[in-house]
Structure formats: C-alpha cells, structure tokens
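Single-structure report; data block below.
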Ligand SMILES: *[C@@H]1O[C@H](CO)[C@@H](O)[C@H](O)[C@H]1NC(C)=O
Ligand SMILES: *[C@@H]1O[C@H](CO)[C@@H](O)[C@H](O)[C@H]1NC(C)=O
C-alpha cells in the first residue's frame, strides 16, 4: 500500500480547510471529491484504501481532521450508505481504539476520531475518549500551558498551542461543550491564560517566531487565535477581537509575501520560506505541509461574530515589550534559526544564535543539546534565562540571556561563563541574515553607508581565515545589513575575541537560503575559565522602518549591567 500514505495526507489535511469552510456555512464545488476520497480511503476493497494503522502509525494523525470534518459537516456522513458508514466506523473507530499511541498530543487525534463518530451516531468509544482526555490532562503544567508529553518531558513549542493541544482543546470545548461543560470551561480558561503569553509570538509584520518542531506547517502557527473565536472564549484584557483578527490576518498576509514557499504547481513545499529538504522529517510526505490548513478555523466562525465584524487592531502597543514566559522559558527574536546541513567546519554548523565549541581545531563543533539546568531567574527585578550545559565532559558553560531593554531595544546580551578542562575554540554567532546584495544577488560587499547595505568586516569567503581584512576586534564586532541588520560585539575587557562573518552553507536557515552570520571567535586554553559578554544586535525590516534606521543602534550597545559586573568580579 505504498501509494496510500501520501494520498491519505493529501485528502485529510486540506480537510481542515474544507471542514472549517463548511462549518461556517460556506460552500465549495469540490466537496464531493473529498466525500468520495473518504469513502475510497476507508474501503478495504478499493485500490485507494489507506490501510489499517499499526501501533503509533502516522495515519492516526490524519484521523483528527477526519473526525473534525465528520463532527462539523453533516455532508460526509449523510452522503454515505450503511456499508460506507461501517467502513468509516471500522477504520476511524475500531482500528485506532485498539492500538498503542505515542504518549503525546497524538492522543487528541483519537479523541477527535471518537468525537466525529459520536456526533453522527456512529460506533465509538466514550471510555477511550474520556481516558484519553484524562491522560492528556496530566500534561498540564499550569497557567494555561501543557507540555507535549508526560511528566519529565519538556517540549513546549507550537504543538502545545496552535498545532495541537490548545487548538484541539478549544475545538473540543466548542463541539462537546454541552455534554461536557466542566472540561469545556477548563479548556477555555487555559486558553484565556495562555493567550496573554502567546500574543508575544506575533509581530507587527505578521510573522510568528519560527521555533520548535514542524515549522513547515507554516500558517498553522496562527490557528490558536481563530480557535479562540470559534470556541467563543471571552478575551482577557487587554486583548480585543480586533487584535485577534489583526494577528490572524497579518499572519496570513505575511505568508503571501513568501513567494518561494510554493512549488511551480502552486503546491506548498516541504520547507519554510522556501523549499528545503533539510527540513524534511521522517513523517513528511508531499501532503504534510497541509497541516497549515488549521489556520482556516477562522472560517468556521460565524460572520456576525466580533472576530469578523471588528476592524483589525494592533496588539503590540498594548502588551509589555518583554515578558518572561515561565513555562516554555522563552526569549524571542524575529530572525529565524538555522540547522546544520553538514558536520564539518563553522560554515556547515551554521551557528545562528548559539555558541559552538571545538576541541579539534575547528573541524567538528559541539553546541548545546541538553541543559543540566535551565530556568528563568531574576536579576535586579528583570527576568533572565539561565542554563548550564556541558559540550564536553570537562567543559562547563553557564549561559545567561538578558532580554532587550527600553534604552537598548535592539540588543540582547548572551553571557557565557566557561570553565574549560581542555583547549577549545569557541564561536558565538549572532543571527543569520540574507547574504545577497541588491545589485547582483552576490555575497554582501563591505558596508556601503549610502546604500545601507553590506557587512563589516568584509566577507572574505570561506576557507580564508588568514586575510586581516576579514577580521575585526571583538570590541568593534561584526555586522551585516541586508534585510534589516544583525551583529555581535564583545563587551568583556578581560580577553580578546575576534569578529568575522561566517557564510553559512546554503539552506541552513529557515527563511533565507543564503546567509551570513556575524560571529565572535576565540580559543580557551586548557584549565582556563573565561567570561564572554556578547551583545547581539537585531533590527528586522518592516513597514515604517527605513533602511537608514537599520544600523541606528549599532554604536550604542548596552552597558554591562551592575549585577553582572558583581558576578564577574566575585
Ligand atoms: C535560493 O532561493 C531562490 C528563490 O527561491 C532560488 O532562485 C535560488 O536558486 C536559491 N539558491 C540556493 C543556493 O538554494
Ligand atoms: C509540486 O508538488 C506536488 C506535490 O508533491 C507535485 O505533485 C507536483 O508535481 C509538484 N510540481 C512541480 C512542478 O514540481
């Protein structure tokens, strides 16, 4: 049944969009194709049959949109003969209820499989449905936040909110609210709390922070907000429906500016802002990006709802500039992360926004994987993120991240206290930024103050580490200006680091396929302990941000805070 796997995704994932449209009273001339697709996919005698899922099977995921569609769009069940309904009951109900499922958000998919059957008077298991929700509730950590997994797991990315848990809690509250008012009320209450944290993920341009797993689901990132309206959650102040609408609409509009994300047939590719096979994960097929259709939950919201009748409003002027998100433990930025496309040298490691260490002269690099400790702490009444990690058994790094302040709004501090039991090279990367100049699309040239474009120091190119023009002192730092500006400076006095531009290998970054990363480099001798105080500059482009403003704050980095001076000298 090899061909059935992509096919099931191509049918079930867009169903999120179609079901939402139908639920909101919309019409689509192709609905019949999906009805037929569902009939064929669940009919063991049909060549397009999807096959029964095994334990922990990807097909279980697709049962969620199917269950939701059955629950909200009567056309599916109504169009089926007795036999076809039995097929659906068997495929959607029996098969999933008897199988093992991963101990994650996936359990919600079984809830929706059962709920869809229940809504149509089909055979389902109330027992399973209840025990799954009870178990999912053990993922709850407080203040609205759930982990994507049981005690001992810490995974709080979009699966905790828009891709799965909050989204599905809200859909459940809407669809099962009458018979299960207590849980519905609890899920809505969680959404109210978490909304005030999640609102920090979305900026003026409509971008959301790209982080965590499965970011190839793209605009699914905004689905939490449409689900708030669908479940008719009472918004916590200062949020208004105009702001919620603004978040959703700006986000959808921003994706429309990412022209390279479609392939030439107009189909969403695997990737983020452009097709990128490095981002493919084990479970991906050509249909998987269509989980993005979760965003269309807003179409299920009736036209008279204030989500639709309000004017779009901004949210960023109404919320604090920085907020410590206690549960996920976040400090956020507009620039996307990079992942290594290979395992030799800095160019392949693409150390965007992270410290790497090498004990073999720069061939292999190690970065953070697990932290021995991580937590939000306070310094002088402000939140900082502290973590302790060991890239090598005899090298300990304590990293402290200090968010931007009112006086230095485009800077954050990344402080590393490193105790090295062996000699290590270090490279501390700012953010990755587009490395194409506007004249001919080649690498950025030395900074041109009239064009407001280029880098400092000069990009010498990979494999040439010996040309002096490619290096600056750590104090002067390195920056790059193209789509906005990013840079890094060393604030510490005790040691001399050097600054250069690392041209990352293509396709290492989510948003830009060719990037450069301003980087500070140094070597720590065996037995030495050092303090690095890196100031990282980031000024993203945006409407109302002229090019002349990109580097505006570069010459005024933040001071080393008094609490840090005290820590360093003690
Ligand atoms: C980068 O993306 C652009 C636009 O999609 C494409 O034309 C170009 O070939 C890509 N370059 C690389 C190195 O992947
Ligand atoms: C675009 O992607 C779809 C899904 O993988 C595929 O069927 C189609 O052939 C692709 N189009 C092109 C021009 O590559």
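Residue numbers (mature numbering (1 follows the signal peptide of the UniProt record, and there is no 0)): -23 to -1, 1 to 547. Positions of the beta carbon are idealized from the N, C-alpha and C atoms, including for glycine. Predicted model, so just to flag it, every value in this text is computed and none were measured.
Cβ neighbours of residue 137 in the same chain (closer than 6 Å, five flanking residues each side left out): Excluding positions up to five away in sequence, the list reads 123 and 125.
Return yes when at least one heavy atom of ligand 2 lies under 7 Å from the C-beta of residue 261, else no. It does not: the Cβ of residue 261 is nowhere closer than 7 Å to a heavy atom of ligand 2.
The alpha helix (DSSP H) enclosing residue 8, as first and last residue numbers: Looking at the DSSP string, the run of the alpha helix (DSSP H) that includes residue 8 is 8 to 18.
Using the rule of at least 16 other Cβ atoms within 10 Å of the residue's Cβ for burial, across every protein chain shown, is residue 552 buried or exposed? It is not possible to answer for residue 552, since the shown part of the chain is limited to -23 through 547.
Pick from 75, 354 and 370: whose alpha carbon is nearest that of residue 364? Minimum Cα-Cα distance from residue 364 among the listed residues 75, 354 and 370 corresponds to 354.
Quick one: what's got a C-beta closer than 7 Å to residue 134's C-beta in the same chain, skipping five residues either side? So the list reads 188, 189 and 190, once near-sequence residues are dropped.
By how many angstroms is the C-alpha of residue 46 removed from the C-alpha of residue 406? Taking the Cα positions, residue 406 is about 46 Å away from residue 46.
Could you tell me if the beta carbon of residue 242 falls within a distance shorter than 7 Å of some heavy atom in ligand 2? Result yes, Cβ under 7 Å from ligand 2.
Spatial neighbours of residue 173 within its chain, please: CB distance less than 7 Å, with the 5 preceding and 5 following residues excluded, ordered by chain position. The answer, listed in chain order, is 213.
For residue 24, does the three-state DSSP call read helix, strand or coil? In the structure shown, residue 24 sits in coil (DSSP, three-state: anything other than H, G, I, E or B).
C-alpha distance - residue 528 paired with residue 516, whole-angstrom precision: Distance from the CA of residue 528 to the CA of residue 516, rounded to the nearest whole angstrom, comes to 8 Å.
Hey, residue 269 and residue 488: beta-carbon distance below 8 Å or not? Not closer than 8 Å, so no.
Given 8 Å, three or more beta-carbon pairs between the stretch 65 to 82 and the stretch 96 to 116: With a cut-off of 8 Å, the stretch 96 to 116 and the stretch 65 to 82 count as touching, because enough Cβ pairs lie within range.
Could you check if residue 349 is buried or exposed, using at least 16 other CB atoms within 10 Å of its CB as the buried criterion? Residue environment for residue 349: exposed (fewer than 16 other C-beta atoms within 10 angstroms of its C-beta).
Going straight from the alpha carbon of residue -22 to that of residue 22, what length do you get? Because residue -22 carries a pLDDT of 44, less than 50, the predicted location of this residue cannot be relied on, and the following value inherits that uncertainty. CA-CA distance, residue -22 to residue 22, rounds to 16 Å.
Am I right that residue 41 and residue 89 are in contact with their C-beta atoms under 8 Å? What's the rounded C-beta distance? The pair is a contact, with the Cβ atoms about 5 Å apart (cut-off 8 Å).
Residue 537 versus residue 417 - alpha carbon distance: Roughly 40 Å between the two C-alpha positions.
Spatial distance of residue 486 from residue 73 (CA atoms): Going by the C-alpha atoms only, they are around 37 Å apart.
Residue 31, buried or exposed, once every other Cβ within 10 Å from all chains shown has been counted against 16: So residue 31 ends up on the exposed side.
Can you tell me which of 433, 476, 462 and 463 puts its alpha carbon nearest to the alpha carbon of residue 452? With distances taken between Cα atoms, residue 452 lies closest to 476.
Taking just the CA atoms, how far does residue 457 sit from residue 464? When rounded, the distance between both Cα atoms is 6 Å.
Pull up the DSSP beta-bridge partners for residue 45, would you. According to DSSP, which records beta bridges pairwise, residue 45 is partnered with nothing at all.
Look up residue 498 in the DSSP assignment and give the residues it is bridged to. Paired residues: 404 and 475.
Test item: CB-CB of residue 265 and residue -15 under 8 Å: Against a cut-off of 8 Å, the Cβ pair of residue -15 and residue 265 comes out as a contact.
Could you say which of 331, 346, 336 and 175 lies nearest to residue 378 if we only look at CA atoms? Measuring C-alpha to C-alpha distances from residue 378 to each of 331, 346, 336 and 175 identifies 331 as the nearest.
Figure out for me which residue from 142, 159 and 410 has the closest Cα to the Cα of residue 481. Distance from the Cα of residue 481 is smallest, within the candidate group 142, 159 and 410, for 410.
Figure out for me which residue from 402, 412, 459 and 437 has the closest Cα to the Cα of residue 430. Among 402, 412, 459 and 437, the Cα nearest to that of residue 430 belongs to 459.
Nonlocal neighbours in the same chain, by C-beta distance under 6 Å from residue 288, ignoring five residues either side: Within the same chain, Cβ atoms closer than 6 Å to the Cβ of residue 288 are found at 219, the five residues on either side in sequence being excluded.
Please work out which residues of its chain come closer than 7 Å, Cβ to Cβ, to residue 200, disregarding the five sequence neighbours upstream and downstream, and give them in chain order. Same-chain partners within the cutoff: 139, 144, 271, 272 and 274.
Whole angstroms is fine: what's the gap from residue 412's alpha carbon to residue 156's? Counting only the Cα atoms, residue 156 lies some 56 Å from residue 412.
Throw me the rounded Cβ distance for the residue 49 and residue -1 pair, which I believe falls under 8 Å. About 4 Å separates the two Cβ atoms, so the contact holds.
Residue 342 and residue 333 closer than 8 Å at C-beta: It is a contact, given that the beta carbons lie within the stated cut-off.
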